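In our numbering, the protein residues as written are 8 to 306. Encoded as C-alpha cells, the structure appears first; notes follow it.
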Amino acid sequence: MAAVPEDREHKDNMLFGIPKKGRLHQKCMELIAGAGLDHTRPDRVDVAHCNHMPVTLVFLPAADIATYVGEGNVDMGITGLDVIDETIPPEEVVREVDLGFGRCKLSVQAPVRSNITKVSDLAGKRIVTSFPNLAKRFFAKYETAATGATKIKFVSGSVEAACGLGLADAVVDLVETGTTMRAAGLDVVEDIMQTESVLISNPNSTHKEMLATIKQRILGYLTATKYSMIQYNVHNTNLTAACAVTPGKRSCTVSHLAQEGWCSVSALVLRKDQAMIMDKLEKIGADSILIFKIDNSRM
C-alpha cells in the first residue's frame, strides 16, 4: 500500500478514505456530494481538500481502505463488508453506517458442467479467488484428512476465467446480477456472505466531532434518497382517511387553510410508494397533490 501523502497546510484535517475506482466509486461520489463535501481534486491527484470543512478526501484502492482506517492512517472510510472481513479483524474499526449500495454476495461458484452442488465436494480442490483469507476460513470447515487442505490461489481480477482456463476447480467471487458468472459457464454452489458498502471509522481517531458531523450528514442524505415530501389539500371530513395514507415518519403536518373546512397536509412518503399514495389520496378527495424532492435532511 502507498503511504498517505503529507500536507502541512491541511495537516490537522480529518482524513476520509474513498474508493478511487471500481464498482463503488461513482456511488461514493454521489454520497459525499449529497453530504455537502464539496472539494477540488486536481487531475491525477488522489488527495482532495474539502472547500468549507477541515476534511481531506484520500482516494484509495477499495481493498486497502479497511486497513488504512484500522491502522489509523485515515480517520474514516467507505468500503465493503467483504473487504473488512478479508483484510482486518472487524473489531479494529467502528461500523458507523450501512450505506445500502454495492450489495452483492460472495459465493463459491463452480462450472455448470461439473454438476457440483455441495461445497464439501470442493474441499481439497483448487480454488481461485481475490478473497484468499475468507475462502480459506470457509473451506476449512469442510476439510478432512482424506481431502487435505484446499488449494487457495489469489488473483486480483478476472476470477471467473480461472475455471475455463483450467486453473481452478471452482472460484470464490462476488455475485451482483450473475451476468458475468453465467457468461463464464459458472453457477453458485453456496453463498459465503452478503456484503454492502459501509461507512467505517477508526475508534481512536482524534476527530470525534467531525466524524459525528459527517455521519449525520450521510444519514440525512440517505434518508433524503429514500423519501419525498408530499403536500396536498383535503376537506376536514376526509382528513382522518388522508392522514392514514400519509402518516409520515413521526406524524403528518396539518395546517388549516383560509377556505373554511379545508386543510393542507404535508408528510414524508417513501419514494417507491409515492405514485400509489397519490392515487389513494385522489380517490379520497384530496387535491393540489404535489411531490417535492428532498436534497438532505436531519431526522
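Heads up, the beta-carbon is just placed ideally off N, CA and C, and yes, glycines get one too. Just so we're clear, the structure is a prediction, and the values are computed from it rather than from any experiment.
message: Here's a check: name, in chain order, each residue in its chain whose Cβ is nearer than 7 Å to the Cβ of residue 116, leaving out the five neighbours to either side.
response: To locate residue 116, count along the sequence shown from 1; it is residue 109. The residues are 177, 178, 180, 188, 193, 194, 195 and 196.
query: From residue 295 to residue 182, what distance separates their C-alpha atoms?
result: Residue mapping note: residue 295 aligns to position 288 of the sequence shown, counting from 1. Residue mapping note: residue 182 aligns to position 175 of the sequence shown, counting from 1. Rounded to whole angstroms, residue 295 to residue 182 spans 45 Å at the Cα level.
message: DSSP three-state label for residue 195, please.
response: Locating residue 195 in the sequence shown gives position 188, where the first residue counts as 1. Three-state DSSP puts residue 195 in a strand.
query: On the three-pair Cβ rule with 8 Å, is the stretch 201–208 touching the stretch 128–139?
result: no
First and last residue of the uninterrupted alpha helix (DSSP H) at residue 217: Position 210 of the sequence shown, counted from the start, is the residue given in the question as residue 217. Run containing residue 217: 215–233, per the alpha helix (DSSP H) assignment.
message: For residue 128 and residue 118, what's the separation of their Cα atoms in angstroms?
response: Residue 128 sits at position 121 when you count from the first residue of the sequence shown. Residue 118 sits at position 111 when you count from the first residue of the sequence shown. Spanning the two alpha carbons is a distance of roughly 13 Å.
query: Counting pairs of beta carbons, one from the stretch 281–291 and one from the stretch 249–260, are three or more of them closer than 8 Å?
result: yes
query: Apart from the five residues on each side of it in sequence, which residues of its chain come closer than 7 Å, Cβ to Cβ, to residue 166?
result: As a position in the sequence shown, residue 166 is number 159, starting the count at 1. Excluding sequence neighbours, residue 166 sits near 135, 136, 137, 178 and 180.
- request: Leaving out five residues on either side along the sequence, give the residues of the same chain with a beta carbon under 7 Å from the beta carbon of residue 236.
  value: By 1-based counting over the sequence shown, the position of residue 236 is 229. Excluding sequence neighbours, residue 236 sits near 273, 275, 299 and 301.
- request: Could you tell me the distance, in whole angstroms, from the CA atom of residue 41 to the CA atom of residue 268?
  value: Indexing the sequence shown from 1 puts residue 41 at position 34. Indexing the sequence shown from 1 puts residue 268 at position 261. Taking the straight line joining both Cα atoms gives about 40 Å.
task: Compare the C-alpha of residue 21 against each of 35, 59, 297 and 49 and name the closest.
output: Position 14 of the sequence shown, counting from 1, holds the residue named residue 21. Nearest option by C-alpha distance: 59.
message: Rounding to the nearest angstrom, what Cα-Cα distance links residue 80 and residue 201 in this structure?
response: Here residue 80 is taken as the residue at index 73 of the sequence shown, counted from 1. Here residue 201 is taken as the residue at index 194 of the sequence shown, counted from 1. Answer to the nearest angstrom: the Cα atoms are 27 Å apart.
query: Which residue or residues does DSSP assign as beta-bridge partners of residue 261?
result: Here residue 261 refers to the residue found at position 254 when the sequence shown is read from its first residue. Partner(s): 272.
field: Among 105, 84 and 139, the one whose alpha carbon lies nearest that of residue 2
entry: The shown model of the chain, from 8 to 306, leaves out residue 2, and the question about it has no answer.
task: Indicate the three-state DSSP secondary structure (helix, strand or coil) for residue 160 in the structure shown.
output: As a working mapping, residue 160 is identified with position 153 in the sequence shown. Three-state DSSP puts residue 160 in a strand.
Inter-residue Cα distance where the pair is residue 145 and residue 222: Position 138 of the sequence shown, counted from the start, is the residue given in the question as residue 145. Position 215 of the sequence shown, counted from the start, is the residue given in the question as residue 222. Rounded to the nearest angstrom, the two C-alpha atoms are 33 Å apart.
- prompt: What distance in whole Å lies between the Cβ atoms of residue 68 and residue 112, which are believed to be in contact at a cut-off of 8 Å?
  reply: For the purposes of this step, residue 112 is identified with residue 105 of the sequence shown, where counting begins at 1. For the purposes of this step, residue 68 is identified with residue 61 of the sequence shown, where counting begins at 1. Not quite, the Cβ-Cβ distance comes to about 22 Å (not below 8 Å), so this is no contact.
- prompt: Considering residue 64, what are the terminal residues of the alpha helix (DSSP H) in which it resides?
  reply: Position 57 of the sequence shown, counted from the first residue, corresponds to residue 64. Residue 64 -> not in any alpha helix (DSSP H); beta strand (DSSP E) instead, spanning 62–67.
query: Hey, residue 101 and residue 72 are a contact pair by Cβ (cut 8 Å); roughly how many whole angstroms apart?
result: Taking the sequence shown and counting its residues from 1, one reaches residue 101 at position 94. Taking the sequence shown and counting its residues from 1, one reaches residue 72 at position 65. Contact doesn't hold; Cβ gap of about 14 Å is too wide.
message: Which same chain residues end up closer than 7 Å to residue 159 when comparing Cβ atoms and leaving out the 5 residues on each side of it in sequence?
response: Here the question's residue 159 lines up with position 152 in the sequence shown. Only 134, 136, 139, 142 and 143 meet the Cβ criterion.
- prompt: Is it buried or exposed for residue 163, if we count other Cβ within 10 angstroms and need 16 for buried?
  reply: As a working note, residue 163 is residue 156 in the sequence shown. Classification for residue 163: exposed.
Euclidean distance between Cα positions of residue 125 and residue 149: One-based indexing of the sequence shown puts residue 125 at position 118. One-based indexing of the sequence shown puts residue 149 at position 142. About 10 Å.
query: Are the beta-carbon atoms belonging to residue 218 and residue 45 less than 8 Å from one another?
result: Position 211 of the sequence shown, counted from the start, is the residue given in the question as residue 218. Position 38 of the sequence shown, counted from the start, is the residue given in the question as residue 45. No, the pair does not count as a contact, with Cβ atoms beyond the cut-off.
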